[in-house]
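J.: First the structure, then my questions, so here it is.
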Amino acid sequence: MYIIRLKFLLSILLIASAVPAWAADNPSIASLVSYQGADRQQRLIAGAKKEGSLSVYTSISSAAAQKLKADFEQKYGIKIKLWRAGDRAVLQKIVSESKTSLAGVDVVNIGSLEMEMLHREKVLQPVKSPYASKLIAGAVAPHNEWVSTFVNVVVLGYNTDKVKKADLPKTYQDLLDPKWKGRLGIEATDQEWFYAIVKNMGEEKGLKYFRDLVATNGLSVRNGHSLLGNLIVAGEVPLGLTVYNHTIISAKRKGAPVDYAVLDPAIAVSFSMGISNRPANPYAALLFYEYMLTDGQKVFAEIDYVPTNKEVDTPFRNTNYQMVDKARFLDEFNKWNDLWEDVIVQRK
């Protein structure tokens, strides 16, 4: 079983000296993000059209990335050069490129934990967007270097042919019922969810709960949220504990015998965006950044992701979900990864 180990990659970026706001044809990104004039949007569009394109690195699904790409390109006529990989692969690519003089990423959208790592690598530009006030609490990092674009609410996903709605657990304690023995699945990299649930229960009580759950009923550990969702659809895993909401909702819409339930506390895992502090295309980078907080939010909602813009409707509008403090979790990651491996993964 692959064991995730947190390894901080050391790099130092030279940040160009600031120039006056909107000066010349090659302004610094710092000057662009600080400009709040009434003609801000018009200037962004004009500058972005001159640049013609931007580079976006992301870990979001291919379908979501392509839909956002097509919508932005149609709206502004500016091409997106897209590079997709897993969160850690994107992180490592950006850090590696930051050590060279080559142009790399303009905008990045990956898991918020990895975005916090990029903050610590000093490769991101602080941005105070005029649209930040429209976002849910906790969407904007305290240092303003990343902002959450959507969240995945972690739900119980179940196969309706295998599990009756009346039999669903109402609390986490209900999962200790022996009737769930051999019927539970969990994704292999959900340390953040594990951390949040244990903290909510109280560390000693929470760790005992998960040890009892594994000992009593077992957990089928599966690598990948999409895979876990597919196994629920197939009935191989009757009930998944850490299913992303969009996976199960999309499958249900296509006619699969699946549904979901939400236990209290509900945990949401956010994905976030930031701008490089040395973008090759600063106008296009900032234009895309603000698109993702406005029109892009509607695109996320259309494909069953939970947008962070409060003005965009979502089935989870009234769900009281919690998001983990990424900086605090990152500080304690090795501890919680070891506990996850010991309690969940190695005792499957």
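Number 135 in our numbering belongs to position 142 of the sequence shown; there are no gaps in the numbering. We treat Cβ as the ideally placed atom computed from N, Cα and C, and that holds for glycine.
1) Which residue marks the beginning of the alpha helix (DSSP H) containing residue 90, and which one marks its end?
2) Excluding the 5 residues preceding and the 5 following residue 127 in the sequence, name in chain order all residues of the same chain whose CB lies nearer than 7 angstroms to its CB.
3) Taking DSSP's pairing of strands, which residues face residue 272 in a bridge?
4) Any idea if residue 112 is buried or exposed, counting beta-carbon neighbours within 10 angstroms, 16 or more meaning buried?
5) Would residue 219 pass as a contact of residue 177 if the rule is Cβ separation under 8 angstroms?
6) Identify the continuous beta strand (DSSP E) that holds residue 233 and give its terminal residues.
7) What is the residue span of the alpha helix (DSSP H) that residue 142 lies within?
8) Would you kindly check if the distance between the Cβ of residue 138 and the Cβ of residue 289 is under 8 angstroms?
9) Return helix, strand or coil for residue 171, following the three-state DSSP convention.
10) Select from 324, 59, 221 and 87 the residue whose C-alpha is nearest the C-alpha of residue 100.
11) Nearest-angstrom Cα distance between residue 318 and residue 145?
12) What would DSSP say about residue 210, mapped onto helix, strand or coil?
13) Bridge partners of residue 300, per DSSP?
14) Find the nearest neighbour of residue 45 within the set 55, 57, 51 and 69, judged by alpha-carbon distance.
15) Need the endpoints of the beta strand (DSSP E) that residue 74 sits in, please.
16) Considering only heavy atoms of the ligand NAP, does any lie closer than 7 angstroms to the CB of residue 224?
17) Here's the rule: buried if 16 or more other CB atoms are within 10 angstroms of the residue's CB, otherwise exposed. What is residue 313?
18) List the DSSP bridge partners of residue 48.
19) What did DSSP end up calling residue 286 once you bin it into helix, strand or coil?
20) As a quick exercise: from 181, 308 and 229, pick the residue whose alpha carbon is nearest that of residue 331.
21) Short check: CB of residue 187 to CB of residue 296, under 8 angstroms?
22) Answer with yes or no whether the minimum CB distance from residue 82 to chain C is below 8 angstroms.
23) At what residues does the alpha helix (DSSP H) containing residue 222 begin and finish?
24) How should residue 118 be labelled, buried or exposed, when 16 other C-beta atoms within 10 angstroms of its C-beta is the threshold for buried?
25) Three-state secondary structure (DSSP) at residue 321?
T.: A quick look at the data gives this:
1) Along the sequence shown, read from residue 1 onward, the residue named residue 90 stands at position 97. Where residue 90 is concerned, the enclosing alpha helix (DSSP H) stretches over 80 to 91.
2) Indexing the sequence shown from 1 puts residue 127 at position 134. Excluding residues within five positions, the ones whose Cβ falls inside 7 angstroms are 302, 303 and 304.
3) If you number the sequence shown from 1, residue 272 lands on position 279. For residue 272, which the question treats as bridged, DSSP gives no partner whatsoever.
4) Looking up residue 112 in the sequence shown gives position 119. Its Cβ being crowded by 16 or more others within 10 Å, residue 112 is buried.
5) Residue numbering aside, residue 219 sits at position 226 when the sequence shown is read from its first letter. Residue numbering aside, residue 177 sits at position 184 when the sequence shown is read from its first letter. Not a contact, by the Cβ cut-off of 8 angstroms.
6) To locate residue 233, count along the sequence shown from 1; it is residue 240. Segment 232 to 237, the beta strand (DSSP E) holding residue 233.
7) Here residue 142 corresponds to residue number 149 of the sequence shown, with the count starting at 1. No alpha helix (DSSP H) contains residue 142, which is instead part of the beta strand (DSSP E) from 140 to 152.
8) What you label residue 289 is simply residue 296 of the sequence shown in a count that begins at 1. What you label residue 138 is simply residue 145 of the sequence shown in a count that begins at 1. No; because the gap between Cβ atoms is not below 8 angstroms, this pair is not in contact.
9) The residue you call residue 171 lines up with position 178 of the sequence shown. It is helical.
10) Position 107 of the sequence shown, counted from the first residue, corresponds to residue 100. That would be 87, whose Cα lies nearest to the Cα of residue 100.
11) If you number the sequence shown from 1, residue 318 lands on position 325. If you number the sequence shown from 1, residue 145 lands on position 152. Residue 318 and residue 145: Cα-Cα distance of roughly 15 angstroms.
12) To locate residue 210, count along the sequence shown from 1; it is residue 217. Helix, per DSSP.
13) As a first step, residue 300 must be located in the sequence shown, where it is residue number 307. According to DSSP, which records beta bridges pairwise, residue 300 is partnered with 143.
14) The sequence position of residue 45 within the sequence shown is 52, counting from 1. Of 55, 57, 51 and 69, the smallest CA-CA separation from residue 45 is found for 69.
15) Mapped onto the sequence shown, residue 74 falls at position 81. Unbroken beta strand (DSSP E) run through residue 74: 72 to 77.
16) The ligand NAP is not among the ligands present in this structure, which contains no ligands whatsoever.
17) Working through the sequence shown from its first residue, we reach residue 313 at position 320. Exposed.
18) Translated into the one-based positions of the sequence shown, residue 48 becomes position 55. The partner list for residue 48 (beta bridge, DSSP) reads 74.
19) Here residue 286 corresponds to residue number 293 of the sequence shown, with the count starting at 1. Residue 286 falls in the coil class under three-state DSSP.
20) As a working mapping, residue 331 is identified with position 338 in the sequence shown. Of the candidates 181, 308 and 229, the one whose C-alpha sits nearest the C-alpha of residue 331 is 181.
21) The residue given as residue 187 occupies position 194 in the sequence shown. The residue given as residue 296 occupies position 303 in the sequence shown. Contact: no.
22) This model lacks chain C altogether, as it is built from one protein chain only.
23) Here residue 222 refers to the residue found at position 229 when the sequence shown is read from its first residue. Per DSSP, residue 222 is one residue of the alpha helix (DSSP H) stretching across 218 to 227.
24) Residue mapping note: residue 118 aligns to position 125 of the sequence shown, counting from 1. Result: buried.
25) As a position in the sequence shown, residue 321 is number 328, starting the count at 1. Here residue 321 sits in helix by DSSP.
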